[in-house]
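K.L.:
As they're listed, the protein sequences go chains Z and Y.
Read in order, the letters of the first sequence are residues 1 to 111 in the numbering used here.
Read in order, the letters of the second sequence are residues 112 to 223 in the numbering used here.
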Amino acid sequence: KQEVTQIPAALSVPEGENLVLNCSFTDSAIYNLQWFRQDPGKGLTSLLLIQSSQREQTSGRLNASLDKSSGRSTLYIAASQPGDSATYLCAVNPSGSRLTFGEGTQLTVNP
Amino acid sequence: DGGITQSPKYLFRKEGQNVTLSCEQNLNHDAMYWYRQDPGQGLRLIYYSQIVNDFQKGDIAEGYSVSREKKESFPLTVTSAQKNPTAFYLCASTASGRRKQFFGPGTRLTVL
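Below is the structure:
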């Protein structure tokens with residue numbers, strides 16, 4: 001059974017810092033991997049989707065990488081801002097039909 | 112505007128009652144999903160449907176039921192058999208397994 005782990009569970013950084021969020025998964029046979037953002041009491045917003053054949057995806061200040069063989073993905077946030085404060089969730093798609101989620105990393109960016 | 116709507120935003124249920132959560136999408140997506148989120152936890156899959164008139168159980172389907180009579184609608188019924196239904200419920204849809212999943216704003220269900 002696929003399991004997804006996110007480390008750290010919570011992270012607090014000063015504004016302007018570059019940071020890395022980690023996601024690991026137990027079964028490397030995945031279809032794709034997706035990073036989401038969730039604000040308190042809200043739904044999820046998709047940030048980046050990496051197909052199994054890709055190594056990374058970039059959107060603005062965000063860069064996500066994927067290393068299938070080691071079962072790891074990282075989300076890099078450059079020049080963090082207080083508006084980046086949210087919970088970041090990683091999800092893997094093992095079969096093309098459903099996602100398995102990690103428990104998320106709660107990020108706080110302090111002004 | 113294209114998107115996913117969920118209603119109601121807040122729902123209160125008495126013990127022994129069945130309640131139905133609404134999820135509608137106008138994105139023309141084939142696949143729709145229901146997830147449950149408990150405080151401080153990730154999402155767990157309840158049911159999903161990849162095509163009209165067909166659906167599959169997820170990891171925690173006991174005490175829930177769904178229907179998919181129309182492409183744009185995927186209602187979730189929380190039955191009295193669900194022992195601990197208080198949670199945040201999220202609906203999602205996608206065009207295909209290779210595409211991003213899009214989420215609705217969620218329904219917070221509380222059992223009184």
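Note that CB positions come from ideal geometry on N, CA and C, so glycine has one too.
Under three-state DSSP, which class holds Z/Asp-84?
P.N.:
Locating residue 84 of chain Z in the first sequence gives position 84, counting from the first residue. Z/Asp-84: helix per DSSP, three-state reduction.
K.L.:
Can you find a C-beta in chain Z that's less than 8 Å from the C-beta of Y/Lys-211?
P.N.:
In the second sequence, residue 211 of chain Y corresponds to position 100, counting from 1. Chain Z contact via Cβ: present.
K.L.:
So, under 8 Å CB-CB, Z/Lys-42 and Y/Gly-217 are touching, yes? Tell me the CB distance rounded to an integer number of Å.
P.N.:
The residue you call residue 42 of chain Z lines up with position 42 of the first sequence. The residue you call residue 217 of chain Y lines up with position 106 of the second sequence. About 7 Å separates the two Cβ atoms, so the contact holds.
K.L.:
Take Z/Asn-18 and list the residues in its own chain whose beta-carbon comes closer than 6 Å to its own, dropping the five residues that flank it on each side.
P.N.:
On the first sequence, residue 18 of chain Z is found 18 positions in, with the first residue counted as 1. Closer than 6 Å at the Cβ level, and outside the excluded window around Z/Asn-18, lie Ala-78.
K.L.:
Using the C-alpha atoms, what's the distance from Z/Ala-29 back to Z/Thr-108?
P.N.:
Within the first sequence, numbered from 1, the residue matching residue 108 of chain Z stands at position 108. Within the first sequence, numbered from 1, the residue matching residue 29 of chain Z stands at position 29. The alpha-carbon atoms of Z/Thr-108 and Z/Ala-29 are separated by roughly 33 Å.
K.L.:
If distances are taken between C-alpha atoms only, which option among Y/Asp-170, Y/Tyr-175 and Y/Ser-184 comes closest to Y/Asn-164?
P.N.:
Position 53 of the second sequence, counting from 1, holds the residue named residue 164 of chain Y. Of Y/Asp-170, Y/Tyr-175 and Y/Ser-184, the residue nearest in Cα terms is Y/Ser-184.
K.L.:
Can you check the stretch 49-104 of chain Z for any alpha helix (DSSP H) of at least 4 residues that lies completely inside it and give the ranges in chain order?
P.N.:
Whole alpha helix (DSSP H) segments, 4+ residues: zero.
K.L.:
Across which residues does DSSP place Y/Tyr-144 in a beta bridge pair?
P.N.:
One-based indexing of the second sequence puts residue 144 of chain Y at position 33. Note: Y/Tyr-144 sits in a beta bridge opposite Y/Tyr-159 and Y/Ala-203.
K.L.:
Consult DSSP for Y/Asp-149 and reduce its assignment to one of helix, strand or coil.
P.N.:
What you label residue 149 of chain Y is simply residue 38 of the second sequence in a count that begins at 1. Note: Y/Asp-149 maps to coil in three-state DSSP.
K.L.:
Flag this pair as yes or no: are the beta carbons of Z/Leu-89 and Z/Phe-25 separated by less than 8 Å?
P.N.:
To locate residue 89 of chain Z, count along the first sequence from 1; it is residue 89. To locate residue 25 of chain Z, count along the first sequence from 1; it is residue 25. In this structure, Z/Phe-25 does not lie closer than 8 Å to Z/Leu-89 by Cβ.
K.L.:
Check the Cβ of Y/Phe-214 against every Cβ in chain Z and list those closer than 7 Å, keeping chain order.
P.N.:
If you number the second sequence from 1, residue 214 of chain Y lands on position 103. The contacting residues are Gly-43 and Leu-44.
K.L.:
What do you reckon, are the CB atoms on Y/Leu-154 and Y/Tyr-146 nearer than 8 Å?
P.N.:
Within the second sequence, residue 154 of chain Y is the residue found at index 43, counting from 1. Within the second sequence, residue 146 of chain Y is the residue found at index 35, counting from 1. Result yes, Cβ atoms of Y/Leu-154 and Y/Tyr-146 sit closer than 8 Å.
K.L.:
With distances taken from CA atoms, which of Z/Pro-14, Z/Ser-12 and Z/Gln-38 is nearest Z/Glu-103?
P.N.:
As a first step, residue 103 of chain Z is located in the first sequence; it is residue number 103 there, counting from the start. When each option's Cα is compared against that of Z/Glu-103, the closest is Z/Gln-38.
K.L.:
Once DSSP output is grouped into helix, strand and coil, what is the label at Z/Glu-17?
P.N.:
Position 17 of the first sequence, counted from the start, is the residue given in the question as residue 17 of chain Z. Three-state result, Z/Glu-17: coil.
K.L.:
Any C-beta of chain Y within less than 7 Å: which residues of the stretch 80-107 of chain Z qualify?
P.N.:
Within the stretch 80-107 of chain Z, the residues whose Cβ lies closer than 7 Å to some Cβ of chain Y are Leu-89, Asn-93, Gly-96, Ser-97, Arg-98, Leu-99, Phe-101, Gly-102, Glu-103 and Gly-104, listed in chain order.
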